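A short worksheet on the structure shown next.
Set out below in structure tokens:
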């Protein structure tokens, strides 16, 4: 039960990576900390439960990374995927601070596994959690609780008392009642609004009904809306988000990482009219996989199909659902309810445009198409070896980018440009400062961990002084 008679130094709203990093760093500076997690204990942690890795800059190879990943290379990768839509000063600050995170987060009990090879191409840039996101999350909770951080589950914040940019208290639904929780400082780390379909429809319209939500159903954007309504400055485009192509047979919510499909680069992608609509070989998968959710969202009925043949069937990690297969393209088209003649024509046109090269999934190879629109820039091979396979895909929304503007100390900026004296934000709720659009694997966890740690330290310092 929450002690409503007590005034906490730091109130952390949220229960994932960013929230726990904030809570731990604040507690290590001596602050009293209460974490409010809207989900039940089993589902705690927001989207962190479904993560696998974190992208951090480092100057040399480590026990779990195969080589250096400099700050400048990290910045160039971020610049490329965002198309320049990022706060450069804030992004570079995050990248610089990320160099300390692998050591710091290990000190909080998180363990990493040896680097991975294969089609992900992340062995040098990204550190993978031993046991995945849930194991990482459990380690952070154990450390937080050992340090004396108090955690309340099924604790939904329904109102915030904010006056002239100063946080005073939160109204919380918990244990069958609504109560007031007071704290000297606030860290908002409660995620985006991706699970709020009605909010998504305000920007996307009816297509949002066909979106699948990869992560937690508890990220409805309640705290974000309360902050914006209280005069916090917004950052980001409400239509921008981390959106990938996931199996159309996945559940509406919480399907997680196992519903993602990593085979786009090894085949072609067609819409319901059996027409291709984008370059499947544009760049390495970890840099470009997050464009496919938005691309599919722009197709009729928000549905598409990844098509490949037997020669590519063992080149990528399988997903939760088996592919649909058939001995001929016409039979595959029938199973997908596509026009058989249209599909055969698309594949024939693609095959005729393929120029032979040396296929190599680990580099930007020279297997490409010629005089084809859209092209396939790399890894282009004819689709001709039976059996033929396909995955139906829909947009899978991971998290949204509309959020709260912050500065380098994770302090929330008000609409008039002034800094709040006691409100901070970390994680997905402020990711739009760094991610104007696009995504590269592991950056979400970096944003959460770096700004979570900063927010906790700054909130504790403000409260204790």
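Numbering (our numbering), first residue to last: 70 to 534.
All C-beta atoms in this analysis are idealised placements derived from N, C-alpha and C, irrespective of residue type, glycine included.
Predicted model, so just to flag it, every value in this text is computed and none were measured.
Three-way DSSP call (helix, strand, coil) for residue 288 in this model: coil
Best match in 143, 161, 199 and 100 for proximity to residue 122 [C-alpha to C-alpha]: 199
Based on the DSSP secondary-structure assignment, which residues constitute the bridge partners of residue 249? 240
Could you tell me the alpha carbon to alpha carbon distance between residue 79 and residue 206, rounded to whole angstroms? 20 Å
Using three-state DSSP, classify residue 230 as helix, strand or coil. strand
Return no unless some Cβ of chain D is closer than 9 Å to the Cβ of residue 316. Of the protein chains in the structure, only one exists, and it is not chain D.
Measure the C-alpha to C-alpha separation of residue 238 and residue 70 and round it to an integer number of angstroms. 17 Å
Since I believe residue 336 is in contact with residue 381 (beta carbons under 8 Å), could you give me their beta-carbon distance rounded to a whole number of angstroms? 6 Å
Quick one: what's residue 219 bridged to in DSSP? 103
Minimum length 4: unbroken alpha helix (DSSP H) runs contained in the segment 319-373: 354-357 and 361-366
Cutting at 7 Å between CB atoms, please list the residues of its own chain near residue 315, excluding the five before and the five after it. 281, 283, 324, 328, 329, 330, 462, 463 and 465
Report the residue from 107, 219, 511 and 326 whose alpha carbon sits nearest the alpha carbon of residue 193. 511
Helix, strand or coil: how does DSSP classify residue 188 here? Its pLDDT being 49, under 50, residue 188 is placed unreliably by the model, and nothing is read from it.
What three-state label does DSSP hand residue 167 in the structure shown? helix
For residue 255, does the three-state DSSP call read helix, strand or coil? strand
Taking the straight line between their C-alpha atoms, what separation do you get for residue 188 and residue 434? Summary for residue 188: the model assigns pLDDT 49, below 50, so the residue's position carries little reliability, and this model does not support an answer.
Whose C-beta lies closer than 6 Å to the C-beta of residue 94 among residues of the same chain, with five residues either side of it excluded? 522, 525 and 526
Three-way DSSP call (helix, strand, coil) for residue 179 in this model: coil
Within a Cβ cutoff of 7 Å, which residues of the same chain sit near residue 392, ignoring the five residues on either side of it in sequence? 458, 459 and 460
Among 422, 338, 385 and 114, the one whose alpha carbon lies nearest that of residue 362: 338
Through-space distance from residue 177 to residue 531, alpha-carbon basis: 23 Å
Chain-order list of residues whose beta-carbon lies under 6 Å from that of residue 378 (same chain, five-residue window excluded): 452, 454 and 457
Cα-Cα separation, residue 260 to residue 293: 8 Å
So which of 145, 84 and 97 has the shortest CA-CA distance to residue 116? 84
Identify which residue in 270, 506, 263 and 492 has its Cα closest to the Cα of residue 287. 263
State buried or exposed for residue 215, treating a residue as buried only when at least 16 other CB atoms are found within 10 Å of its CB. exposed
Proximity of residue 513 and residue 120 at Cβ, strictly below 9 Å: yes
Environment of residue 311 [buried if 16+ CB atoms lie within 10 Å]: buried
Could you check which residue in 230, 267 and 266 has the C-alpha nearest to that of residue 253? 230
Distance between residue 482 and residue 232 (C-alpha atoms, nearest Å): 14 Å
Based on the DSSP output, what are the partners of residue 313 in its beta bridges? 465
Who pairs with residue 225 in a beta bridge, going by DSSP? 242
Might you give, ordered along the chain, the residues of its own chain that have their beta carbon closer than 7 Å to the beta carbon of residue 388, omitting 5 neighbours on each side? 316, 327, 328, 329 and 330
Can you tell me whether residue 265 is buried or exposed? The criterion is at least 16 other CB atoms within 10 Å of its CB, across all chains shown. buried
Taking the beta strand (DSSP E) that residue 382 falls in, what are its first and last residues? From DSSP, residue 382 is part of no beta strand (DSSP E); its letter is neither H nor E.
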